[in-house]
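Quick note, the sequences are listed as chains A and B, same order. Each step along the first sequence adds one to the number in the working numbering, with nothing skipped, and position 9 is 144. Each step along the second sequence adds one to the number in the working numbering, with nothing skipped, and position 115 is 168. Cβ coordinates follow ideal geometry from the N, Cα and C atoms, glycine included. If you're wondering where the values come from, they're calculated on a predicted model, not measured in any experiment. First the structure, in the form of structure tokens, and then the observations on it.
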Amino acid sequence: MSLLDLFRSRNKTNTAAIAKERLQILVSHERSTRSGPDFLPELKQELLAVIRKYYPIELDQVKVQLGKQDDCSLLELDIVLPVNVKADVA
Amino acid sequence: MAKVIVVTSGKGGVGKTTTSAAISTGLALRGFKTVVIDFDVGLRNLDLIMGCERRVVYDFVNVIMGDANLNQALIKDKQLENLFILPASQTRDKDALTQEGVEKVLNELKASFDFIVCDSPAGIERGAHLAMYFADEAIVVTNPEVSSVRDSDRMLGLLSSKSRRAETGQSPVKEHLLLTRYSPERVERGEMLSVEDVQEILSIPLLGVIPESQAVLNASNSGRPVILDAESTAGQAYADAVARFLGENVDHRFLTAEKKGFLKRLFGSVA
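And the structure:
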């Protein structure tokens, strides 16, 4: 700290408070996904392989989420199919 | 019954090895027979921090593979009668550590030691997993910085789901937060997460706060665990942490900035 800092530090933003807020949001989000089973990524890959037999889609077009509703677990599949691609059934 | 303690963090460079060296030395100073194991296969460094790098003959992997027995691989500390070091291997084979192998070595050590301190590598790969898998207690080393806190939270998640205690339904691994490189001055200026902030986010009991200190680099330069530097704030803070680990009630120190005189404020710390 020098003479200049004495004046400068007065109107500096409190970055520690920003850090805390960002961490609280992130950590609570990551904790909620952590409780999910390990097989979700694998399930996603296998689903993708099945759908790809019929539609040429990419990994990011498949969303797999495990949520909770009341006392049931809810497996949610969200698959986006491209518009102009005809099913290329072999 | 021997206790297995893992020193872990997820993130690298936060002070795991410094802490492993300090805590194991502290436990030995208190009269407990202690061994500290380097789990960082391929990147051995605990030997340097403990100052025994020139006495490494056999290592952890040699023992697991049966190329050497434990007594050949364990390095006895030069100063402390009841402190031993088991160095990591420098092999590049990442699969050299096996769960069965680690378990066998730990069981053998349990027969003759009070504390087994496992110095985890960074990351969440095999070495880090095996370092924490058999743990009874975990010291989670965290810097007051966003990425370190996030990674610590991730490690806490793994401890409560992927450790043997979790998998076999025993009582959970006892978790301790050790905040390192803490700078009360920067906390007061709003530039650094405070110990209360980090505790609130991670919500595990606080074992200690190690202030940022030049003594830590001096200690690693000379291969002498910083806890032996009783003059330094970091050394004293580690000694306090060891006391708390052993169940003693010790007040936290070095949490507030030292009051600077007028001249020091004007010209900064020149020293």
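Contact of Glu165/A with chain B by beta-carbon distance below 9 Å involves Arg203, Asp206, Arg207 and Gly210. Contact check for Pro278/B against Ala272/B passes: the beta carbons are separated by less than 8 Å. Considering only Thr72/B, Lys147/B, Ser62/B and Lys131/B, the residue with the shortest C-alpha distance to Leu270/B is Thr72/B. Straight-line measurement puts the Cα of Val57/B at about 26 Å from the Cα of Pro197/B. The DSSP-derived three-state label of Val59/B is strand. Within the stretch 249 to 318 of chain B, the alpha helix (DSSP H) runs of at least 4 residues that lie entirely inside it are, in chain order, 267 to 275 and 286 to 298. Within the stretch 151 to 164 of chain A, contact with chain B at the beta-carbon level (separation under 8 Å) is assigned to Ala151, Ala152, Ala154, Lys155, Arg157, Leu158, Gln159, Leu161 and Val162. By the rule that beta-carbons nearer than 8 Å mark a contact, Leu246/B touches chain A. Here Cys171/B is buried, its C-beta having at least 16 other C-beta atoms within 10 Å. The C-beta separation of Leu194/A from Leu183/A comes to about 6 Å, placing the pair in contact by the 8 Å criterion.
Interface criterion not met: the Cβ of Arg187/A is under 8 Å from no Cβ in chain B. Runs of the beta strand (DSSP E) lying entirely within the stretch 187 to 218 of chain B and spanning at least 3 residues, in chain order: 190 to 195. Distance from the CA atom of Arg217/B to the CA atom of Ala188/B, rounded to whole angstroms, is 8 Å. Within the model, the alpha-carbon separation for Asn274/B versus Leu246/B is close to 29 Å. If you compare the alpha carbons of Arg297/B, Glu228/B, Asp206/B and Lys215/B with that of Gln159/A, the shortest gap goes to Asp206/B. About 6 Å separates the beta carbons of Leu230/B and Leu260/B, which is inside the 8 Å limit, making them a contact pair. Per the coordinates, the alpha-carbon of Gly300/B lies some 10 Å from the alpha-carbon of Ala294/B. Annotated as distal: Gly180/B and Phe85/B, with beta-carbon spacing of 8 Å or more.
Exposed is the label assigned to Arg306/B, since fewer than 16 other Cβ atoms lie within 10 Å of its Cβ. A contact between stretches requires three or more CB pairs, one per stretch, nearer than 8 Å, and the stretch 149 to 164 of chain A meets this requirement with the stretch 239 to 253 of chain B. In this model, Val199/B and Pro174/B are separated by some 20 Å (Cα to Cα). With respect to Val94/B, Leu150/B sits close: the two C-beta atoms are nearer than 8 Å. DSSP places Val170/B within a strand segment (E or B) once states are collapsed to three. Remark: C-beta atoms of Ala191/B and Thr309/B do not approach each other more closely than 8 Å. When the beta-carbon positions are compared, Val114/B and Ser142/B come within less than 8 Å of each other. Residue-level contact check: Ile128/B does not touch chain A, since none of the beta carbons of chain A fall below 8 Å from its beta carbon. According to DSSP, Ser208/A shares a beta bridge with Lys203/A. Separation of Asp205/A and Pro172/A (C-alpha to C-alpha, rounded to the nearest whole angstrom) is 18 Å. In chain order, Asn196 and Glu265 place their CB closer than 6 Å to the CB of Arg234/B, counting only its own chain and leaving out the 5 sequence neighbours on each side. At least one CB of chain A lies nearer than 8 Å to the CB of Val240/B.
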